[in-house]
Amino acid sequence: MSWTDERVELLKKMWSEGQSASQIAKELGGVTRNAVIGKVHRLGLSNRAGGGGSSKADAKPKAEAKPKAKAQPKQPAAAPQPKTEPAVKPVPASASPARKQIIPAGQPLPPQPSANEISPEALAKVNEVEKKAKKISLMELTERTCKWPVGDPATEDFWFCGLPTQTGKPYCEAHVGVAFQPMSSRRDRRR
DNA sequence: CCCTGATTCGC
DNA sequence: GCGAATCAGG
Numbered sequence: 001m002s003w004t005d006e007r008v009e010l011l012k013k014m015w016s017e018g019q020s021a022s023q024i025a026k027e028l029g030g031v032t033r034n035a036v037i038g039k040v041h042r043l044g045l046s047n048r049a050g051g052g053g054s055s056k057a058d059a060k061p062k063a064e065a066k067p068k069a070k071a072q073p074k075q076p077a078a079a080p081q082p083k084t085e086p087a088v089k090p091v092p093a094s095a096s097p098a099r100k101q102i103i104p105a106g107q108p109l110p111p112q113p114s115a116n117e118i119s120p121e122a123l124a125k126v127n128e129v130e131k132k133a134k135k136i137s138l139m140e141l142t143e144r145t146c147k148w149p150v151g152d153p154a155t156e157d158f159w160f161c162g163l164p165t166q167t168g169k170p171y172c173e174a175h176v177g178v179a180f181q182p183m184s185s186r187r188d189r190r191r
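In structure tokens form, the structure reads like this:
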């Protein structure tokens with residue numbers, strides 16, 4: 001693969017949006033995150049600034065022959081308001097029966113199709129898992145962390161499972177169980 | 001261990 | 001110019 005105009009453009013776009021190098025690499029395909037980072041640097045946009053046309057900001061103070069000169073300008077640059085949703089969209093039914101039934105002022109909570117007729121076992125398992133869940137935040141989600149949301153997004157009582165995913169799947173074993181229903185038992189529940 | 005970006009350097 | 005290897009840190 002080579003850096004065509006389009007690919008570079010996407011790279012720039014994603015990078016400026018705060019996407020990680022690995023994500024960009026996967027999106028582009030055919031390149032590793034190292035390639036992406038290398039390109040980013042060559043393009044001279046290592047700093048996710050963008051904005052101000054001519055901002056001569058940093059001037060590498062030093063650059064020894066080959067010491068461990070590290071510069072970690074870890075700036076809280078990340079955008080506070082995500083423009084585009086990351087790779088998170090699962091909004092399965094909260095299997096927590098003991099969930100508070102608070103109904104905030106008109107909030108998108110309704111989509112809770114009630115605890116379907118999911119395997120009682122799986123349900124129990126999930127409730128168990130919720131106790132061991134790592135309770136990670138949105139930003140901590142990766143390709144290998146269970147993205148099962150728990151709780152009410154409009155409350156402090158909200159987090160993602162975060163346990164190791166079942167290779168390939170977006171959820172951990174327990175959540176995969178309730179996330180992907182064979183659509184059998186819930187068949188023709190005409191009512 | 002998982003991940004992140006940064007840098008070096010042979011190609 | 002490219003990117004794997006390596007490094008440094010969370």
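For what it's worth, UniProt numbering labels the leading residue of the first sequence as 1, then goes sequentially.
All C-beta atoms, glycine included, are put in the ideal place defined by N, C-alpha and C.
In this structure, residue 163 sits near residue 133, with a CB-CB distance shorter than 8 Å. The bridge partners DSSP lists for residue 150 are 159. Taking the CA atoms as reference points, residue 127 sits about 22 Å from residue 142. Counting other Cβ atoms within 10 Å of its Cβ, residue 147 reaches 16 or more and is therefore classed as buried. When the Cα atoms are used, residue 150 and residue 168 turn out to be separated by approximately 21 Å. From the listed residues 130, 140, 156 and 137, the smallest Cα separation to residue 175 is found for 130. With at least 16 other beta carbons inside 10 angstroms of its own, residue 145 counts as buried. Within the model, the alpha-carbon separation for residue 44 versus residue 139 is close to 26 Å.
Around residue 10, the same chain offers 24, 27 and 28 as residues with beta carbons nearer than 8 Å, after the five sequence neighbours per side are excluded. For residue 166, the CB contacts under 7 Å within the same chain, skipping 5 residues up- and downstream, are 172, 173 and 176 in chain order.
Nearest to residue 2 by C-alpha distance, out of 137, 35, 160 and 13, is 35. Bridge pairing for residue 24: absent [DSSP].
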